[in-house]
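To start, the structure under review is shown below, and the notes come after it.
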Amino acid sequence: QDVMREMLQSPRQHYARLTSLLRRIKDSPEASGELMRWGLSLDPDIYRTQGRVLPMERINLRHSSFIPAKDLTWNKEVVREASISATAVNYWLLVYPKRLHGLAKDLVAAMESACGPLGMHVSHPALVELKDDRIETYAKTIQSVLGSEDKVQLLLCIISSSREDLYNAIKKLCCVQAPVPSQVINAQSLTGQPGKIRTVVQKVLLQMNCKLGGELWGVDIPLGSLEVPDLSLTPPDFFSGHPPAPQKQLMVIGMDIYHGRSRGIRSVIGFVASMNHDLFQFLLPQMNHCLPKKIIVYRDGVSDSQLDTVLKYEIPQMQKCFDTFENYQPSMVVVVVQKQISTNFYTLMAEQFTSPPPGTVVDHTVTSLEWQDFFLLAHRSRQGCSIPTRYVCVLNTANLSCEHLQRLTFKLCHLYWNWPGTVRVPAPCKYAHKLAFLSGQILHHEPGAQLCDKLFFL
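Each residue of the sequence shown is one higher than the one before, starting from 34 at the first, in this note's numbering.
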């Protein structure tokens, strides 16, 4: 608790601690002498500069759109109104131990009740009751059922308690050996206060929709400087079946790396491209007869010392992939995403320091002289200080302006479907992180190809 109290200081407390430290350094003969020996001096106050706040984004659902509340969350809206698109869940399995039969029955009833407002259709599941909750029982039963059924859309397992070994075994089975989207629910999360099961079920249904290819919400993304006057991550032409217009030939990619803790475990890279159908079709040239003309890559997990490595080694390898297609040379924007930074921002209002509002951008004075970079605070922290994220543009052959890149980045921070609110990094990075962690920490293997077009890792 003492450590957390120190870590979660308010902006006012943090500022007071910083200025106190600066005073102590100034008043210390030893510290002052050492600084003087190196020809250095410290300002007695923190640096003050100007920033900008990007406009609030409108969140689009299937039949409506809205501006989020000041805390930039939309928990209530996503469970009251239909998602942009939903996949009908016609054939799915519910696996549970015999002693949780009553809870499984309540879960199914709650799901059938809650799916309507979300715009989902969920049929009654095929129930698979286990004699006990041993790992071997789960594994053998799931393997047997999936081996004899090829039409299963999703497998949902109820486990009696939080057991990492059982969870990992189920995920390995459903992601590698018999690939099918899967969901694991801890029975303890379904018990307790009245109404708790409905809240949990709503979140589970949203996750199921994502894992089956549905889309929860979107934001409008016009990119004028990319000659994309009407690019949107929302309908109306999702289901038209027609090839996209040339101005929509854009792909967004997220990349992150999981480094194994133990020696001998290789690092795993998560690579996620165009989460949304309107962009995802570009992965399938046979469907729309064209490839993306512009590709924007967000590369997470790179320090300053590795920027040259990305520029000289990673990017040429990506560009080499274009040679797979004849006469194909798309323009690229590669942006390095840095979360582990020491820079912090405060808003000064009436001589009081507070956390800046989400959408705050600083792109001058405190930025790099060598690289095109900017700081963006996309989320609101409930405790302590909100820490910005640094974005470094290491390649820009698309001539995307800094302002458009900032706006696009902020918009993408609204599209992580596992959280109805803004997140600290663009959604493609968040998805790539989840995929890399699942593969490196739990699966230790590449997931089945049957899952590659779905957000099965949420």
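All residues carry an ideal CB built from backbone N, CA and C; glycine is no exception.
- When Cβ pairs closer than 8 Å are counted between the two stretches, the region 398–417 is seen not to touch the region 112–129, the count staying below three.
- Around the beta-carbon of residue 358, fewer than 16 other beta-carbon atoms lie within 10 Å, marking it exposed.
- It is roughly 24 Å from the alpha-carbon of residue 286 to the alpha-carbon of residue 105.
- Taking a cut-off of 8 Å for Cβ pairs, the region 421–441 and the region 209–226 do not touch, as fewer than three such pairs fall below it.
- Contact between the region 299–306 and the region 464–479 is present: 3 or more CB-CB pairs across the two stretches fall below 8 Å.
- Relative to residue 181, the option among 55, 189, 211 and 347 whose CA is nearest is 211.
- When Cβ pairs closer than 8 Å are counted between the two stretches, the region 170–184 is seen to touch the region 200–220, the count reaching three or more.
- With respect to the 8 Å criterion, residue 323 and residue 352 are not classified as neighbours on the basis of their beta carbons.
- Collapsing the DSSP output to three states places residue 306 in a strand.
- Judged by DSSP in its simplified three-state form, residue 201 adopts helix.
- Taking C-alpha positions only, residue 158 is separated from residue 237 by approximately 15 Å.
- Straight-line measurement puts the Cα of residue 185 at about 48 Å from the Cα of residue 375.
- About 22 Å separates the beta carbon of residue 254 from that of residue 467, a gap too long to meet the 8 Å contact definition.
- DSSP places residue 327 inside the beta strand (DSSP E), whose first and last residues are 327–333.
- The secondary-structure analysis by DSSP pairs residue 290 across a beta bridge with 302.
- The C-alpha of residue 61 lies about 30 Å from the C-alpha of residue 373.
- A distance below 6 Å between beta-carbons, with the five flanking residues on each side excluded, links residue 326 to the following residues of its chain, in chain order: 282 and 363.
- By the beta-carbon neighbour count (other beta carbons within 10 angstroms, threshold 16), residue 100 is exposed.
- Within a 10 Å sphere around the beta-carbon of residue 69 sit fewer than 16 other beta-carbons, which makes this residue exposed.
- Residue pairing of residue 382 in beta bridges, as defined by DSSP: 385.
- The distance from the Cβ of residue 407 to that of residue 389 is about 14 Å, inconsistent with a contact at the 8 Å cut-off.
- From the listed residues 448, 306 and 450, the smallest Cα separation to residue 465 is found for 306.
- Within the same chain, 87 come within 7 Å of residue 440 by CB-CB distance, once the 5 residues on both sides are set aside.
- Judged by DSSP in its simplified three-state form, residue 139 adopts helix.
- The beta carbon of residue 165 lies closer than 8 Å to those of 130 and 131 in the same chain, with the five residues before and after it left out.
- Looking at the backbone, the Cα of residue 203 and that of residue 239 are separated by about 20 Å.
- Between residue 191 and residue 137, the CB-CB gap stays under 8 Å.
- Between the alpha carbons of residue 171 and residue 489 lies a gap of roughly 20 Å.
- If you look at residue 69, you'll find it in the alpha helix (DSSP H) that goes 62–70.
- The shortest CA-to-CA distance from residue 479 to any of 303, 196, 415 and 450 is the one to 303.
- C-alpha of residue 91 to C-alpha of residue 244: approximately 24 Å in a straight line.
- For residue 215, the enclosing beta strand (DSSP E) begins and ends at 215–219.
- Under DSSP, residue 130 forms a beta bridge with 163.
- Residue 247 is positioned such that its CB atom lies closer than 8 Å to that of residue 120.
- DSSP, read as helix, strand or coil, puts residue 338 in helix.
- A straight line joining the alpha-carbon of residue 431 with that of residue 356 spans about 19 Å.
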